[in-house]
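Notes follow once the structure below has been shown.
Residue numbers (our numbering): -1 to 111.
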């Protein structure tokens, strides 16, 4: 399971970085989204991977290794909401910039090929 998760994080990071260096702004926005997904997966993986384990420890004195840490899950949930709002704002700015300049290149000018 850890190898699959590490491969998914690496693939999302590499794809996000590749899209981040593209000349069009929509590809840059998609690259930022993929990078945020990779960071979210990394934070969840840092909170220990366990299936069928309750996230909260009760008042009973038990071994804490049998429970999942709820803090990374709460952080990722907050990051997903912030990422969604930031992506929506970037897309609105992208559409406004495209309407004003007539191009969606990052530097504002098209390459002659």
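From the three backbone atoms N, C-alpha and C, an ideal C-beta is built for every residue, glycine too. From a predicted model like this one, the values you see are computed outputs, not experimental measurements.
Note to self: Can you tell me where the alpha helix (DSSP H) holding residue 68 begins and where it ends?
What the structure shows: Counting from one through the chain shown, the residue named residue 68 turns up at place 70. Here the alpha helix (DSSP H) through residue 68 covers 68 to 99.
How about residue 70 and residue 42: are their beta carbons less than 7 Å apart? What you label residue 70 is simply residue 72 of the chain shown in a count that begins at 1. What you label residue 42 is simply residue 44 of the chain shown in a count that begins at 1. Closer than 7 Å, so yes.
Any chance the segment 3 to 16 sits against the segment 34 to 41, with 3 or more Cβ pairs inside 8 Å? yes
In DSSP terms, what residue 22 is bridged to: Taking the first residue of the chain shown as 1, we reach residue 22 at position 24. When DSSP reads this structure, residue 22 sits in a beta bridge with 103.
* **CA nearest to the CA of residue 96, picked from 4, 28, 16, 23** => Translated into positions along the chain shown, residue 96 becomes position 98. For residue 96, the nearest C-alpha among the options comes from 23.
For residue 0, which residues from the same chain have a beta carbon less than 6 Å from its beta carbon, with the 5 sequence-adjacent residues on both sides left out? As a first step, residue 0 is located in the chain shown; it is residue number 2 there, counting from the start. Around residue 0: no qualifying Cβ.
Query raised in the report: Roughly how many angstroms separate the alpha carbons of residue 26 and residue 35, rounded to a whole number?
Result: Taking the chain shown and counting its residues from 1, the one referred to as residue 26 is at position 28. Taking the chain shown and counting its residues from 1, the one referred to as residue 35 is at position 37. Their Cα atoms are separated by approximately 14 Å.
Q. Using a Cβ-Cβ distance under 7 Å, would residue 32 count as near chain B?
A. Considering every chain present, this structure includes no chain B. It has just one protein chain.
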